[in-house]
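I have placed the structure first, in the form of structure tokens, so that the comments after it can refer back to it.
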Amino acid sequence: MSDHSSIDSSGHEAPGNDSHAQDIAGHINTYMWIFGSLLVGTVLTVLMYYVDFSSMAMTVAVALFIASIKAFLVAAYFMHLMSEKKLVYSVLLLAAFFFTGLMGLTLWGSFDLPTNSIHKTSYVP
Amino acid sequence: MNPLLKLVGMPEPASAHAKGIDDLIVYVHLLMAVLFLGWMLYFFYVMFRFRKGANPKADYIGARSHFSSYAEIGVALVEAVLLIGLAIPLWAKAVDNPPKPEDKPIEMQIMAQQFAWSAHFAGLDGKWGRQDIKFANSANPFGLDTADAAGKDDVSVVSEPFLLPVNRPVVALLSSMDVIHCFKVPSMRVTQDAVPGLSIPVTFTPTKIGDYTITCAQLCGSLHSTMRGAFKVVSEPDYTAWFEKKSKAGGGGGSFE
Amino acid sequence: MEIPYTYKARPDTGLYNAKVGIWLFLASEIMLFGALFSAYILLRVSAPVGFWPETALAWPRGLLNIPIGTFNTAVLITSSVTVVMAWASLQMNKFNHFRIYMVITVLCAFAFLGIKSFEYNDKFSHYVVQTKSGKPVTGHIEVNGKHPRFWNFSDQWTLARLTAENVKEISVAVDPERDEHGHVKSHSNHAHENRTIATDDIQFLGSYTPATHPFFAVYFLITALHGLHVLGGALVLAYFAFPGAKMWKDNPQQFINRIEVGGLFWHFVDLVWIFLFPVVYLL
Amino acid sequence: MQTATQPHSHSHDHAGHDHAHHEPGFFSKYIFSTDHKIIGIQYGVSALIFLLFGFLLMLAMRYQLAYPGQPVPVVGSLLQKFLGDDLAKGGVMQADLYNSFGAMHGTIMVFLAIVPILFGAFGNYVTPLQIGAPDMAFPRLNMASFHAYFLGGVIMFASFFTPGGSARSGWTSYSPLASVTDLVNRFDGQTYWLIGMVFLITSSLLGSVNFIATIIQLRCRGMSWMRMPFFVWTQFITGFLLLLAFPPLEAAGIMQLMDNLFGSSFFLPAGLVVNGTALGVSGGGSPLLWQHLFWFLGHPEVYVLILPAIGIVAEVIANNTRKPLWGYKSMVYATMSVGFLSFIVWAHHMYLTGMGTKIATFFQTTTMMISIPSVIILTALFISLWGGSIRFNSASLFALSFLPMFGIGGLTGLPLGFNASDVYLHDSYYVIGHFHYVVAPGTMFAVFAGIYYWFPKISGRLMNETLGKIHWAGSLFFMNCVFAPMFIQGFKGMSRRMYDGGTTYFLGVDPTALSLNKMITMSAIALGLFQLPFIINFFYSIFAGKKVHSDNPWNATTMEWSTPTPPPHGNFTSEPVAYRGPYEYSVPGSKTDFTPQTQKP
Ligand code: HEA
Ligand code: HEA
Ligand code: CUA
Ligand SMILES: [Cu+2]
């Protein structure tokens, strides 16, 4: 804590004290673990590409599953969502809900057409 | 036709499903009228009774009755009834119930382009000619392949009135060559967008002989307001005569009037 | 009166203003990228089945450089770690560490952008050539002895331009053939074979640009928008690392907050990429 | 760092003193101001000008509708001079000019006039005062938001003078039309429109982040959620609507921009044949995707237009009935439900683009659901009148007339919301009637009510009541003359966006529909003339209106009236504390008929 005193001398409350610093040191350990997991996740994602899943849907599912886990790690630990306030959750939940609505309903609406409708790439019939 | 709708100037209905739509419009407007008149009576009464001159001291609590909750539940109920009883079934019937073959539906294509409507029938052989984008242009909106034998007797009616027989279901496959147009025939109570890249069927059964105008109800460019089409609903024999003549004359496959 | 809670947390919400602000902003960013992802998925699923370019509008697979993409992912993840380390260093009062981590973060950002523009360059000088007499091929082309380059928009070739400028033939360094998963076929020729194609034999010529296929349009749009976020974020973080760091002296708590807020944005940019990478590169 | 801890150090005198000594220069005071009140005024003035402009565009169009093919009076020659023969030959409005004015009328009214007035002007000026905050949470962001809005406006305005004229694909800007109107000059009016929209969206996003953060963080001591004035609640929910609904349109706008500038095909399917020749694009896109993304914003946007208006009306009604709002809590919850539901009803604008039964059922059910909380809000306002001591001043007259007008507009939404009846009414003048009843006599009346009500706080002077009442009577009467006949026209089958006023269709069908056009146009002119008393009143009162003698001329309870008039920089002279709910009027046992929120118990 060499520059601790210099901050103090400028007349301000120093942000860290020793027990606080210990906490943070604990965090750093976590950060490194997460870092490692993210790299592993990335490698897994790429390997998945070379595995021949029988169906496209399966590929998509696996890809998004890995991505979601990685995203969760980033959000939960790097962005400290784990210990964040309720308010932030509600905002994010709203956004997540509306995003799902936007995507889901748009897709649904684009494919639930009147019976016998045709998506054309050439003229019909 | 419902006298209320006549009063506001809606054109006489001329198709089989029109009654359902008209009824729904009437019922919804009755609901609206009841709500509106009720509230207005209340509104003027309140403004008069509780004006400052008559009631210099306001009451902190105000209304104590729960009438409003009942009214709100009532509105919700009526809406639910209209929705489940009328709107949804009507829609399902219109878009998910294609006419059965024994009703001998007329199948046709309708193509919209800036700024005209064209119609296309399969001809006497009942087979569509081959169609491809690469043949399409303003004069051949359906992209008919002149080389295809099945198309020789197809009937294409480009930018002029076509005929439909009375009391037979029509299934018109609607599409567009360029931008979004909207096929609207007020008397038939049909409206459907013609979306490029999609082919969407509209179904209706004309019930009245006469001349009908198609308007384009979707902004589609400079001359949108003049984009009119027309068709005549005629008796079955008149229609057959017209159709046979057209088909034999080889309307399809490139030679257009 | 002055604006309260600019750096102290409001007791009942437990948050300071900027943190509320950044989370709201991120929520709107979710909707922005969400709409783009939705568009991507919709276009993707409504594309005809088949293999691009054999089937005109089928979704292309395996066009992007996966090793480079993977490397870039790692770069971005690293920057995400360093930015949180920078914040932690401030918490522990180690300003110098903070600055080092910040510098690494910004360097990672620019590395990411550099690699991305390298990829862009590759795409812009890549062409699909549909011949009249055979299968379409893809690859880098050479016209009049020169490789067209993306930064020069006037250097884009189309069939019309070939004809207009009376170019008789072009040569194509043909890409290896791919199967329907985008994997290079085992028997395929790995060393880019050079083929000369006469202009008369060309039916369609298009570079890997938005006009050629919706895939490119979506790809460039989403990655460019993401790239802009990276650039913006990097500039702000660089500002905090140097000129903005003066605040550490006057109001350390507020400075830490700023780093936290900047970091949150940075993690979000990383998060978007975590989804972008599999969706765009691997699907 | 001892700022907020010693609130009493700033006295009223002190603020005035400060002011006198370092008078900021013109630029930092009026152009680069970060004070929410100045920014509010900037928004208000620009938006009123745009409102007038939007109306003038419509007057020219209305003239064309009533008298197709005749030169526009007064400005015809100017139009020809500035816009050229293609658009206004001989001063006659050509079809393209009609379409371009129509698109710009919609765009300007919605994005440059009404939203900026409600959210930018009233929201900025009043919200921080009502929650006892010294300013917005992010003053510089607030300034940036106004600047982005202003730039967007300038770009939109400039687009009129591009070759070919401004955007002319409707305010909805549907693809492919928007992408194929000008195939030669890619940098056309549509491109300007899109760039302008990106600025306006950015402005709204910055604004909404700021509003929400301000309301969450800067409520003064004692200002709990359920003590917030209803107006603040509506601003809060509106903020969320803007925050989450606008980004998809921004994305869509950028995609359309790419379609226009780089020839991509986000919204263009394969095989388009325009003008008889194949359009040389790859295709593969979806025109309906644009509509989904547009209406995902479009529908929440209409609640952006109405919720703050309801908020204003609620304030004015509570004040002029001298009693608390009836069912304040249920209004708050209803507003939340409206806000939430408004995100999942959007495709009721798309019933006729081709929809299967399942998806159509989903959207009409949600559409019916959203009408219930609207009914609850309106009912609560109506019942609030019961037992009041109603005063009829200009503000209150406008607020009261808002109720039936919004009622008509809202109720006529119902037949549109059932898809089966929408089959007949879609894209007809019935729709035009429906939404103008909500936005013109609805929202605009709320705006007027707000102006008459808060004018004394802003300027320290009252507006003239006589002129105000003339303005009210004329506006109410002629608004109805303009928009009520549109329902009839709609029933008769008249489509909207018809440059010839429906002549081509109606001559063979029902010529009486056309005579209504003339009546509507005349009424619109009269409506315009009846705004003159307002404009005169407005400017006259700024300089020579009757001075107010107290900071609280309406004897109101909410906090904006506990500040000096006009409020100084930093707003409050001592730290405000809310001791009670927002509408404690006529509390039994109290000496006065109002108990301000800040009054110590
Ligand atoms: C502020 C604007 C606003 C508001 C609040 C609304 C509110 C509603 N709108 Fe409207 N609407 C628009 C603006 C608005 N709309 C615009 C601009 C368009 C056209 C866009 C375009 O195409 O260009 C449109 C178009 C539009 C359509 C598409 C029509 C078409 O194109 O075919 C539909 C269809 O469902 C619809 C439905 C509704 C419904 C169900 C409500 C409901 O929320 C209404 C709920 C309210 C009530 C039910 C009233 C309750 C009151 C009482 C019951 C008390 C009555 C009291 C008295 C009468 C005194 N609207
Ligand atoms: C908030 C939105 C809003 C508002 C307020 C209005 C207000 C008005 N609108 Fe508009 N309108 C739209 C939004 C709006 N409109 C939209 C979205 C469309 C669809 C566009 C499209 O098809 O794409 C449309 C379309 C539209 C049409 C259909 C055109 C067509 O389909 O061909 C018509 C026709 O009459 C019309 C008329 C009017 C009239 C007469 C008013 C009047 O009520 C205007 C009244 C205004 C005034 C009288 C001005 C008052 C001025 C002041 C108070 C200024 C004071 C100034 C200072 C103090 C400096 N509008
Ligand atoms: Cu076609 Cu309008
Ligand atoms: Cu809507």
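Chains as they are written, first to last, in our numbering: chain A, 111 to 235; chain B, 11 to 267; chain C, 60 to 342; chain D, 360 to 960. Every residue, glycine too, gets a C-beta built ideally from N, C-alpha and C. Note that the structure is a prediction, hence the values are computed from the model and not measured.
Check your understanding: Between which two residues does the beta strand (DSSP E) containing residue 185/C stretch?
Key -> 185-190
Exercise for review: Could you check the C-alpha separation between residue 841/D and residue 788/D for me, to the nearest Å?
Suggested key: 12 Å
Practice item. May I ask you to report which of helix, strand or coil DSSP gives residue 197/C? Key: Looking at residue 197/C - three-state DSSP - the assignment turns out to be strand.
Review point. Under 9 Å between C-beta atoms, does residue 723/D make it to chain B?
Key: It does: the Cβ of residue 723/D has a partner Cβ on chain B nearer than 9 Å.
**Study point:** Validate contact between the region 204-213 of chain A and the region 193-206 of chain B using beta carbons, cut 8 Å, 3 pairs
**Key:** With contact defined as three or more Cβ pairs closer than 8 Å, the region 204-213 of chain A and the region 193-206 of chain B are not in contact.
Exercise for review: May I ask you to report which of helix, strand or coil DSSP gives residue 222/B?
Suggested key: For residue 222/B, the secondary structure class from DSSP, reduced to helix, strand or coil, is strand.
Review point. In three-state terms, what does DSSP make of residue 365/D?
Key: Reliability fails at residue 365/D, whose pLDDT of 36 lies under 50, so the model's placement of it is uncertain and the value that follows must be treated cautiously. Under the three-state reduction of DSSP, residue 365/D is assigned to coil, being neither helix nor strand.
**Study point:** According to DSSP, residues forming a beta bridge with residue 185/B
**Key:** 121/B
Practice item. Would you mind working out which of 734/D, 755/D, 886/D sits nearest residue 411/D, comparing C-alpha positions? Key: Minimum Cα distance to residue 411/D is reached at 886/D.
Check your understanding: Should residue 217/A be flagged as near chain B, meaning a C-beta pair shorter than 9 Å?
Key -> no
Point to revise | The beta strand (DSSP E) enclosing residue 190/B, as first and last residue numbers | key: Segment: none, residue 190/B is in no beta strand (DSSP E) and carries neither H nor E.
Review point. What first and last residue would you give for the alpha helix (DSSP H) that runs through residue 795/D?
Key: 788-796
**Study point:** Same chain, Cβ closer than 7 Å to residue 289/C, five either side skipped, listed in chain order
**Key:** 168, 171, 172, 328
Check your understanding: Which chain B residues sit within Cβ distance under 8 Å of residue 230/A?
Key -> 185, 207, 208, 209
Practice item. Would you mind telling me which residues of chain D sit closer than 9 Å to residue 227/A, beta carbon to beta carbon, in chain order? Key: Correct list: 713, 715.
Exercise for review: Could you please give me the residues that DSSP links to residue 242/B through a beta bridge?
Suggested key: 173/B, 221/B
Check your understanding: Near residue 343/C, which residues of its chain fall below 8 Å by C-beta distance, leaving aside the five closest residues on each side in sequence?
Key -> What is shown of chain C runs 60 to 342, which leaves residue 343/C out entirely.
Check your understanding: Using a C-beta to C-beta distance shorter than 7 Å, which residues of chain C count as neighbours of residue 149/A?
Key -> 133, 136
Review point. Would residue 143/A be called buried (16 or more neighbouring beta carbons within 10 Å of its own) or exposed?
Key: exposed
Check your understanding: Just how far apart, CA to CA, sit residue 879/D and residue 792/D?
Key -> If you draw a straight line from the Cα of residue 879/D to the Cα of residue 792/D, it is about 12 Å long.
Check your understanding: Going by other Cβ atoms of all chains shown within 10 Å of its Cβ, with 16 needed for buried, is residue 71/C buried or exposed?
Key -> exposed
Review point. Any heavy atom of ligand 2 within a distance shorter than 8 Å of the CB on residue 192/A?
Key: no
Practice item. Might you give, ordered along the chain, the residues of its own chain that have their beta carbon closer than 6 Å to the beta carbon of residue 173/B, omitting 5 neighbours on each side? Key: Contacts found: 242, 244, 249, 252.
**Study point:** Interface flag, residue 111/C vs chain A, CB-CB below 9 Å
**Key:** no
Review point. What residue range is occupied by the uninterrupted beta strand (DSSP E) comprising residue 911/D?
Key: Segment: none, residue 911/D is in no beta strand (DSSP E) and carries neither H nor E.
Review point. Once you ignore the five residues that flank residue 154/A on each side, which residues in its own chain have a CB closer than 6 Å to its CB?
Key: 176.
Review point. Do you know offhand how far residue 932/D's Cα is from residue 949/D's?
Key: Each residue's CA atom was taken as its position, placing residue 932/D and residue 949/D some 26 Å apart.
Exercise for review: May I ask you to check if the CB of residue 237/B is nearer than 8 Å to at least one heavy atom of ligand 3?
Suggested key: Yes, the Cβ of residue 237/B comes within 8 Å of a heavy atom of ligand 3.
Point to revise | Meets three-Cβ-pair contact criterion under 8 Å: the region 671-678 of chain D and the region 588-597 of chain D | key: Verdict: yes, contact present.
Point to revise | Assigned secondary structure, residue 957/D (DSSP; H/G/I helix, E/B strand, else coil) | key: coil
Practice item. Count the other C-beta atoms from every protein chain shown that fall within 10 angstroms of the C-beta of residue 23/B, then say buried if there are 16 or more, exposed otherwise. Key: Buried, because 16 or more other Cβ atoms sit within 10 Å of the Cβ of residue 23/B.
Point to revise | C-beta neighbour in chain A for residue 167/B, strict 9 Å | key: no
Check your understanding: In whole angstroms, what separates the C-alpha of residue 283/C from that of residue 135/C?
Key -> Distance between residue 283/C and residue 135/C, taken at the CA atoms: about 15 Å.
Point to revise | Buried versus exposed, by CB contacts within 10 Å (16 or more), residue 802/D | key: buried
**Study point:** Under the three-state DSSP convention, the category residue 430/D falls into
**Key:** For residue 430/D, the secondary structure class from DSSP, reduced to helix, strand or coil, is strand.
Point to revise | beta strand (DSSP E) segment containing residue 210/B, residue limits | key: 208-214
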